[in-house]
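Contents: one structure, followed by commentary.
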Amino acid sequence: MAGRTPTSKATARRPPGTAPRQHGPKTRTKQQPQQHKNMASATAGSSSPPTPPRADDSPEPSLPGEKVYVAVGREMAEFRATLLWALHKFAGAGAPSFVLLHVYSPPKFLPLMGARIPAAQVGEQELAAYKKMELQRVDHGLDQYTHLCAQGKIHAEKLVVEADDVGQGLVELISEHHVTELVMGAAADMHHTKKMKTPKSRKARFVEQQADPLCKIWFICKGTLVYRRYGWKAIQLSHEEMQEYRQSSGVTHYPVDKSASLSEMWCVANTWLCKSIGEPQIERTSSDPFDISGKNNVEESHESHNFQHILRDLESARKEAYEEKCRREKAERELFEALQKAQTSENSYFREMKQKNELEEKLTTIMEEIESLTVRTDELCAKLQGEREQRTVLEKRGAHSDRIIKDLMLQRDKALRETEALRARKGESTATEERTMHITEFSYSEIKEATNNFDHSMKIGESVYGSVYKGFLRHTNVAIKKLNPETTQTQSQFSQEVEILSRVRHPNLVTLVGACKDAQALVYEYMPNGSLDDRLACKDNSKPLSWQLRTRIASNICSALIFLHSNKPHSIVHSDLKASNILVDGNNVAKLSGFGVSQILTDQFKATTTLYRYTHPKGSFVYIDPEYLVSGDLTPLSDVYSFGIILLRLLTGRSGFGLLKEVQQAMDRGCLQAILDSSAGEWPSMYAEQLAEMGLRCCNIRRKNRPDLQTEVWTVLEPMFKSASVMLCSLSFKSVSEDLGGVPSYFICPILQDVMRDPLIAADGFTYEAEAIREWLDSGHQTSPMTNLELPHRDLLPNHALRSAIQEWLQTNGN
């Protein structure tokens, strides 16, 4: 053939692993016009290729023998949408084979014996066994993917590689296997939004930046194409070879970035032009134009005239071809300029759209804030109006205030019951059901079996709201509180207690093990020493509480209240703090319970200086805040008043009725020792006076005169708590470990060499007494007390199982 087309030369010299460009209307995809537009910008002199636009999800043909690599995880549910997108994208006749790729990253921590152990501290056999089990699970997961491909009649291979980092493993595999087409996730499905334009996960961004430029990558999120990276080096190499060929061949130079149809027209026109121009050149270089036939020399004038006519026609054709070439060059230049203008306009459009979206988001945020302020203003106005009306009613009926207050309380009780009944009928318990997912749910049959069908002999407590049973559930002693179904507030108390105890954890809050919605029952950890009321009354001939234990119990309750009041994002007020709601475990550690009427103070109830909530007063009359009883405004200072009554009861051992007046009179007369509980031992006079003074301040009638728990009360209780703890350790636990034989070794703290009462698991996998390991870490140690190796972190986890076992052992052997 007289002239080779530039297309054939560029295809012959393409780099390995790059698919040849296909021409013609049947094989062009919808992305080609946009690709040429981006290539035009690259040809115009940009230092790096422009960002390609997002492609659609239409099926894309592939060359025979190509392989599409799909990066999948072990769980089918998470990556099913990514694989289905790839099957749809490359479906049809001549579909390529798939390679299901999984990068296995060895774990740094292994779950063993209820704790996460660093892999460096586990033996080789255990590591190998764990790795084998993990690879079996990976292989099982890939089998599910291959089965899905088989349903679509697509051949799929499995490929598992191991790497410490998933992103680095993918980059190395792309380079090693010369991967040219890869489909992977852009982010987790829960992070998907309609505005997502680029990969969000760390490994996706790393692969997009570091992978071989010859590899085309589709990033998928929730079955939707988010971003596509093209093989830019392959495109640039084809462009350079095309320019080189055009310079050497002497044919018309066209820009590389024109459309496919224009490229086909260019090839056909130049092939014809080479033929048209080349043939007369060959004839003019012949030795004698009249010897072409190779026969006798005939010098007839007619034939000479014909030959000259042919030469003129050829010259005319050459001129027309040259003029056509000039017109095409002009059209190509105009097209190139138009493409540049289009690219500039498109970039300007994208910038304007981005600015518009940002302005719309800011406007939406401002409108939401305005709406929120409007709603809050309406609520405050309504509340102010209600208070004014209430004040007017109280002023008019001042002479009969006691009777009117009682009637109002009854009316509010009735309204509250009706409101709660309506909420129950409307199904507003869905929020509680969502929150109960964070705790264990027990079946009704399990609860019945654990309590012998709620046998009366198993009952350990009873109140207006329900009964408490001792049970044995899933090999553990538990306390099961079954709410009274006849009470209208049962559902509200059940929901409130589950909501609070499932979201907060503290050593001095009773642990909620689980719940049973069908039985309206709550399952707690079992507290063998009962309530503080029982201990103060020496129920069942139990030993009296010493003054050291009473000091520690007061510190435990203060610590729990500080935690609840400073809880983020919303404070929690117990609102029913009393001795019967303070439980004591086997180690005489106090824990708060009875959160059925507690309140969560949200931002909408904040005043200028005080956090409060208007609600119907609930709780025992002796412990209830007088200001709360009158106004109905519940604040954290309401718990401070109840805590003051608890302090005075711990000091005197007396009931709460009239106690405040008795202690005040004793303090005024200087005879406090006369009313102290003698069964607690000899109280240090300084401690007793400090506790009595603090209790009286907490019980001040006016809230603003009550002390702050964290800055005032705790500074008094903390030195007492530390002193009492030292004495208790030396008197109680050492005597147990020395006097009782056969103490299990795993009950002993490796640091204190005493029986543990609050065991915590450290990062080295060993269990220590809470105070001992915390003191070890706070003193600046970075290594394990047992192995002398550096601790990977300073987190401590409660060992509930060991704690329960120690308590049961102490109960069995301590008597």
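Heads up: the sequence shown begins at 1 in the UniProt record's numbering, then just goes up one per residue.
Here a beta-carbon is modelled for each residue, glycine too, at the ideal position from N, C-alpha and C.
Check: By a C-beta neighbour count over all protein chains shown, 10 Å radius and 16 as the cutoff for buried, is cysteine 215 buried or exposed?; Outcome: buried
Check: Use the C-beta contact count for methionine 190: other C-beta atoms within 10 angstroms, 16 or more gives buried, fewer gives exposed.; Outcome: exposed
Check: Please work out which residues of its chain come closer than 6 Å, Cβ to Cβ, to leucine 659, disregarding the five sequence neighbours upstream and downstream, and give them in chain order.; Outcome: Leu648
Check: So the candidates are Gly765, Trp776, Lys203 and Val513; which of them puts its Cα closest to the Cα of leucine 797?; Outcome: Gly765
Check: Pick helix, strand or coil for tryptophan 683, following the three-state DSSP scheme.; Outcome: coil
Check: Ends of the alpha helix (DSSP H) at glutamine 811?; Outcome: 800-813
Check: Going by DSSP in three states, aspartate 633 sits in which element: helix, strand or coil?; Outcome: strand
Check: Quick one: is alanine 71 buried, meaning 16 or more other Cβ sit within 10 Å of its Cβ, or exposed?; Outcome: buried
Check: Out of Ile500, His456 and Arg503, which has the shortest C-alpha to C-alpha gap to isoleucine 480?; Outcome: His456
Check: Which residue comes first and which comes last in the alpha helix (DSSP H) that contains threonine 82?; Outcome: 76-89
Check: Mapping the DSSP letters down to three states, classify lysine 341 as helix, strand or coil.; Outcome: helix
Check: Between the Cα of glutamine 811 and those of Asn588, Ala763, Glu775 and Ser745, spot the shortest distance and give me the residue it belongs to.; Outcome: Asn588
Check: Can you give the beta carbon distance from alanine 688 to leucine 717, rounded, assuming they're within the 8 Å contact cut?; Outcome: Wrong, their Cβ atoms sit about 13 Å apart, outside the cutoff.
Check: Look up proline 759 in the DSSP assignment and give the residues it is bridged to.; Outcome: Glu769
Check: Would the segment 637-645 count as touching the segment 690-703 if we require 3 or more Cβ pairs under 8 Å?; Outcome: yes
Check: From phenylalanine 336 to lysine 319, what distance separates their C-alpha atoms?; Outcome: 26 Å
Check: Below 8 Å on the Cβ atoms is my guess for tyrosine 145 versus leucine 83; work out the distance and round it to an integer in Å.; Outcome: 6 Å
Check: Using CA coordinates, which residue listed in Pro684, Leu709, Ile582 and Pro744 is at the minimum distance from methionine 720?; Outcome: Pro684
Check: Do glycine 123 and histidine 102 have their C-beta atoms within less than 8 Å of each other?; Outcome: no
Check: List the whole-angstrom C-beta distance separating glycine 656 from tyrosine 623, where the pair is believed to meet the contact cut-off of C-beta under 8 Å.; Outcome: 7 Å
Check: Using alpha carbons as the reference points, say which of Ala763, Cys221, Arg803 and Thr783 lies closest to proline 111.; Outcome: Ala763
Check: Below 7 Å CB to CB, which residues in the same chain sit around arginine 550 once its five sequence neighbours on both sides are set aside?; Outcome: Leu650 and Ala680
Check: For my contact list, valine 504 and asparagine 567 are in at a C-beta cut-off of 8 Å; report their separation, rounded to the angstrom.; Outcome: 6 Å
Check: Report the rounded CA-to-CA distance for threonine 224 versus glutamate 369, giving the unit in angstroms.; Outcome: 33 Å
Check: Can you name, in chain order, every residue of its own chain whose Cβ lies under 6 Å from the Cβ of alanine 805, other than the five neighbours on each side?; Outcome: none
Check: For methionine 353, which residues of its own chain have a beta-carbon under 8 Å away from its beta-carbon, when the five flanking residues on both sides are left out?; Outcome: none
Check: Could you spell out the range, first to last residue, of the alpha helix (DSSP H) harbouring isoleucine 665?; Outcome: The question names isoleucine, yet the displayed sequence has glutamine at residue 665. Here the alpha helix (DSSP H) through glutamine 665 covers 659-669.
Check: Tell me the DSSP bridge mates of glutamine 599?; Outcome: Val573
Check: Comparing alpha-carbon positions, which option in Arg552, Phe79 and Glu172 lies nearest serine 725?; Outcome: Arg552
Check: Write down the C-beta distance between lysine 158 and leucine 100 rounded to the nearest angstrom, noting that I regard them as a contact closer than 8 Å.; Outcome: 5 Å
Check: Serine 105 and valine 166 look like a contact to me (Cβ under 8 Å); what is the Cβ gap, rounded to whole Å?; Outcome: 6 Å
Check: Which value, in whole angstroms, describes the spacing of the CA atoms of valine 171 and leucine 359?; Outcome: 39 Å
Check: Measuring straight from C-alpha to C-alpha, what distance separates proline 569 and valine 713?; Outcome: 24 Å
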